[in-house]
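Position 430 of the sequence shown, counted from 1, bears residue number 443 in the numbering used here, the numbering being contiguous throughout. Idealized CB from N, CA, C, for every residue including glycine. Since we're looking at a predicted model, the values are computed, not measured.
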Amino acid sequence: MTLLLRMLVRDWRGGELGVLLGALVLAVTMVSGISGFASALKAALRQESHSFLAADLVVRDARPLPAAWLEEAADRGMESAQTLSFRSMVFAGEEGVVLASVKAVSDEYPLRGALKLSDTPFGELREHRGAPPPGSVWIEPRLFALLDLDIGDTVGIGEADFRVAAAIRGEPDRAGGFLGVGPRVMLNTSDIPATQVVQPGSRVSYRQLFAGEADAAEAFGQWLEAAVAPGQRLQNVETSQPAVGRALARAERFLLLAGSLAVILASVAVGLAARRYAERHQNYVALLKSLGADSRRVKSLYAATLALTWLIALVLGWFLAWILQVIALQSFAEQLTVVPSLFQPRPYFIGAVTALVCVIVFAWPSLGRLTAISPLRVLRSDMPLHHSREPGDYLLGLAAVLLLMWWYSADLQLTLIVLGGLLAVIVIGGLVALSLLRGGRALGMQAGSVWRLALASLQRHGLGNALQLVVFAVAIMLLLLLGLLRTSLLEGWQQQVPEGAPNHFLLNLAPEELGSVSTLLDDREVKREKLYPMLRGRLMGIAGEPLPMEPEEEDGPSQREANLTWSAALPDGNEIVEGRWWEPGETAAVSVEAEFAQRYGMSVGDTLSFRIGAAELAVTVTSLRTLDWESFKPNFFMVFPPGLLEDYPVTYMTSFYLPPEQKSLLNELLRQHPTATVLEIDAIMAQLRSTLAQVSTAIELVLSLVLLAGVLVLIAGVQATADSRLRESALLRALGAGRSHILGSVAIEFITLGVMAGVLAIVAAEGAFWALQRFVLELPYTPTPGLWLPTLLAAAVLIGGLGLWNCRRVVSVAPAEVLRDA
Numbered sequence: 014m015t016l017l018l019r020m021l022v023r024d025w026r027g028g029e030l031g032v033l034l035g036a037l038v039l040a041v042t043m044v045s046g047i048s049g050f051a052s053a054l055k056a057a058l059r060q061e062s063h064s065f066l067a068a069d070l071v072v073r074d075a076r077p078l079p080a081a082w083l084e085e086a087a088d089r090g091m092e093s094a095q096t097l098s099f100r101s102m103v104f105a106g107e108e109g110v111v112l113a114s115v116k117a118v119s120d121e122y123p124l125r126g127a128l129k130l131s132d133t134p135f136g137e138l139r140e141h142r143g144a145p146p147p148g149s150v151w152i153e154p155r156l157f158a159l160l161d162l163d164i165g166d167t168v169g170i171g172e173a174d175f176r177v178a179a180a181i182r183g184e185p186d187r188a189g190g191f192l193g194v195g196p197r198v199m200l201n202t203s204d205i206p207a208t209q210v211v212q213p214g215s216r217v218s219y220r221q222l223f224a225g226e227a228d229a230a231e232a233f234g235q236w237l238e239a240a241v242a243p244g245q246r247l248q249n250v251e252t253s254q255p256a257v258g259r260a261l262a263r264a265e266r267f268l269l270l271a272g273s274l275a276v277i278l279a280s281v282a283v284g285l286a287a288r289r290y291a292e293r294h295q296n297y298v299a300l301l302k303s304l305g306a307d308s309r310r311v312k313s314l315y316a317a318t319l320a321l322t323w324l325i326a327l328v329l330g331w332f333l334a335w336i337l338q339v340i341a342l343q344s345f346a347e348q349l350t351v352v353p354s355l356f357q358p359r360p361y362f363i364g365a366v367t368a369l370v371c372v373i374v375f376a377w378p379s380l381g382r383l384t385a386i387s388p389l390r391v392l393r394s395d396m397p398l399h400h401s402r403e404p405g406d407y408l409l410g411l412a413a414v415l416l417l418m419w420w421y422s423a424d425l426q427l428t429l430i431v432l433g434g435l436l437a438v439i440v441i442g443g444l445v446a447l448s449l450l451r452g453g454r455a456l457g458m459q460a461g462s463v464w465r466l467a468l469a470s471l472q473r474h475g476l477g478n479a480l481q482l483v484v485f486a487v488a489i490m491l492l493l494l495l496g497l498l499r500t501s502l503l504e505g506w507q508q509q510v511p512e513g514a515p516n517h518f519l520l521n522l523a524p525e526e527l528g529s530v531s532t533l534l535d536d537r538e539v540k541r542e543k544l545y546p547m548l549r550g551r552l553m554g555i556a557g558e559p560l561p562m563e564p565e566e567e568d569g570p571s572q573r574e575a576n577l578t579w580s581a582a583l584p585d586g587n588e589i590v591e592g593r594w595w596e597p598g599e600t601a602a603v604s605v606e607a608e609f610a611q612r613y614g615m616s617v618g619d620t621l622s623f624r625i626g627a628a629e630l631a632v633t634v635t636s637l638r639t640l641d642w643e644s645f646k647p648n649f650f651m652v653f654p655p656g657l658l659e660d661y662p663v664t665y666m667t668s669f670y671l672p673p674e675q676k677s678l679l680n681e682l683l684r685q686h687p688t689a690t691v692l693e694i695d696a697i698m699a700q701l702r703s704t705l706a707q708v709s710t711a712i713e714l715v716l717s718l719v720l721l722a723g724v725l726v727l728i729a730g731v732q733a734t735a736d737s738r739l740r741e742s743a744l745l746r747a748l749g750a751g752r753s754h755i756l757g758s759v760a761i762e763f764i765t766l767g768v769m770a771g772v773l774a775i776v777a778a779e780g781a782f783w784a785l786q787r788f789v790l791e792l793p794y795t796p797t798p799g800l801w802l803p804t805l806l807a808a809a810v811l812i813g814g815l816g817l818w819n820c821r822r823v824v825s826v827a828p829a830e831v832l833r834d835a
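See below:
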């Protein structure tokens, strides 16, 4: 124990232990910090995104859920609330009547998020949680204009009268579909019996909302998946708000990828530090053996050193990881309405296991083989350095990285893609390094003195330069890959909800109203989409086979109503993936959305039968289309050619952008066209923008942490050959070489390594970027040639600068001192 402590103190003072300890602390800090930060942030963002659903889980049905389900939810610690929606006439005075979308809610509603109310139709907003008081209703602002109402007036629904208590301006779970859309009236579920509107056979949609702790909600969601029957639908944020769900899923995968790359960088840093530590201890081991220590004693001494170093690194790393999480989360805490928990054991456990694996797999092989050092090295300092690693060690290291990444990310596909990129860098880097070394001697004989010295050094350092080249390429490749993914995600989200995107839908326009509506919007310079005809139709059969009324199994095909339209040209945001668009004059055809066609088993050439009102219609599928569902523009599953549906009763719809200061235009629009329906989605878009902004900030912070880890790995890579360079430079100075001569050769050597590492990193990063975009994030791949030259320049400057900075001692330490120590 005394020898162990004395060696630790000596190594710490000499700076040898600090490199290894720092690498292990880096491993624990980065893995625990990023994992904890990503986990806490993901939980907070996911909980906050549930406000889009007003709950964690929702079950929709045409009737109330069984009482046993509610008892099961209560037993699992889940909160519950109920809503029921239906269409009904709302009366005001003697002549005022409007067909409204009525929503009754229980007192617990909403479980997530909040309602937005105001005391005047377009007054100051306030948040509220809970149902309207019994005997009162909240109504949308446009109903005030349509029915000539004020706060405190009375409206009638069925057989009951209600007092108008507030204007409802926003609901966390307001649907964005077009079926059954109407001005909203909200009341308490306890008032439903008095209205006598809901009777057996009425078209009523029941929604049972559930919310609870994350683990309980996940377990109860699995229970519900097994319990739901045909006709019932289980919803979560991914299914109810696909745009939000996809954004969160991609952000989650990015954070997992960033953490996985931190695992790789930490492993590389530990391996480099252990290699240098072992090389600097070879003379010390030889001295111990010459004094009588056997191999077993030496091995136990270094095993205890690593164990103690791991424990110290664990404590320091956990503490720094906690500070890292606090700083990172506080940097944008104002944007989060949900405060995440920092005390989650799993990230710290992951950090501990990662550091332990790094010690066993990446550090111990170098130190364990110190027992093979001969005592003769004490007398013969010219003996070559013992090789601290064997080829099997690298295979073991790759296997360890694979398992750590897989365990950390829980995504084998992501792990294999990143590991494939790493293997490409290692293999290609090794081949390039060998070519460089073979050509270095011939080029060095023809070059000037500085270049000759640099190229000769590249050839002389052999495996050391090959290792440095691979390490530099791996670090740059990982950082470049992460930067490419970050840019792709953020640009995709900015395009998803661009400024000026439509935030209102205008529905139920009669053909004779189109001219006046267009004039009104155009006179006010309102940005709008084209007017689309729309009618309801029921899909009855496919390829001569009738569809059942109800699905035979969950999510199975069945008869369903859909919004139908016609268009001579392919609508904006649509892309033909199979088949062809119709020729002018062609009829009896239909173009179907691709995912809808896949679910129903449709293909090009199939005959579809529809019922529109009392009429039957048969058409042939001529094309399948993909849609941009996140564009907030009108989209349709079924598009027909002109000349086929014009004889049926149709209404028209469009979408438009209306800034907040022009909200009063809605009153004028609805007064002139009282049968029209306006669906306001600006609150949904604002909430979506807020969620995406928070995720983007998280990605920026995680990227900065991984960048720091990458720079530290580059520094460790440069330091790997620092001792040998110090001895060589001392010898050159003793032989008369000048400071500028030596520093110039060092700069050329590291800049050359940087450029070659940059080339390898670009090739591997582009390949991995393509694979991740296509198979993991499901985004289109676009090459990034604009980044290639900046990457090469940055690699040359960064690695060249680090090399010069790290080797500054080679011209500042007296040659006699270095040669005496050697």
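Here the C-alpha atom of Pro672 lies approximately 19 Å from the C-alpha atom of Thr133. In this structure, the beta-carbon distance from Ala326 to Leu37 falls below 9 Å. Considering only Glu596, Met651, Glu629, the residue with the shortest C-alpha distance to Ala607 is Met651. Under DSSP, Leu577 takes part in a beta bridge, and its partners are Leu548, Met651. With 16 or more neighbouring CB atoms inside 10 Å of its own CB, Ile181 falls in the buried class. The alpha-carbon separation between Leu497 and Phe782 amounts to approximately 7 Å. By a beta-carbon distance limit of 8 Å, Met553 contacts Ser622. Their separation comes to about 5 Å. The beta carbons of Ile761 and Asn516 sit no closer together than 9 Å. In the three-state reduction of the DSSP assignment, Glu659 falls in the coil class.
In this structure, DSSP gives Met91 a state outside helix and strand, which the three-state scheme calls coil. Beyond the five residues adjoining it in sequence on each side, Asn201 comes within less than 6 Å, by CB distance, of Ala144, Pro145, Pro147 in the same chain, given in chain order.
Here the alpha carbons of Ala242 and Leu124 stand approximately 24 Å from one another.
Note on the stretch 500–542: whole beta strand (DSSP E) runs with a minimum of 3 residues are 517–522, in chain order.
Collapsing the DSSP output to three states places Met698 in a helix. According to the DSSP assignment, Lys302 belongs to the alpha helix (DSSP H) that extends over 295–303.
In this model, Arg593 and Leu792 are separated by some 24 Å (Cα to Cα).
Between Ser52 and Arg359, the gap from beta carbon to beta carbon is short of 9 Å. The beta carbon of Val115 is closer than 6 Å to those of Phe99, Ser101, Val198 in its chain, skipping five residues each way along the sequence.
Among the bridge pairs identified by DSSP, Gln221 is matched with Val72, Gln95. The Cβ atoms of Gly442 and Leu773 sit closer than 9 Å to each other. Looking from the CA of Ile812, the closest CA among Ser709, Asp535, Ala556, Val724 belongs to Val724. Counting only residues of its own chain and dropping the five nearest sequence neighbours on each side, Ala207 has a CB closer than 6 Å to the CB of Ala173. Under the DSSP assignment, Asp228 falls in the alpha helix (DSSP H) whose first and last residues are 227–240. Spanning the alpha carbons of Arg624 and Phe649 requires a straight line of approximately 17 Å. Judged by pairs of C-beta atoms under 8 Å, the stretch 372–387 touches the stretch 308–321, as three or more such pairs exist. CA-CA distance, Phe50 to Ile764, rounds to 36 Å. When C-alpha distances from Pro378 are compared across Val339, Val283, Val366, Ala68, the shortest belongs to Val283. Pairing Leu720 with Leu492 gives a Cβ-Cβ distance under 9 Å. Relative to Asn296, the option among Leu380, Met418, Leu756 whose CA is nearest is Leu380. By alpha-carbon distance to Trp236, the top candidate from Phe669, Val71, Thr633, Ala423 is Val71. In this structure, the alpha-carbon of Ser709 lies about 17 Å from that of Gln338. Annotation: Leu766 to Leu756 spans about 15 Å, alpha carbon to alpha carbon. The beta-carbon separation of Val168 and Val103, rounded to 5 Å, stays under the 8 Å limit for a contact. Under the three-state reduction of DSSP, Tyr665 is assigned to strand.
Separation of the CB atoms of Ala575 and Leu657 is rounded to 15 Å, and the pair is thereby denied contact status at 8 Å. Around the beta carbon of Glu153, a 10 Å sphere encloses 16 or more other beta carbons of the protein chains shown; the residue is thus reported as buried.
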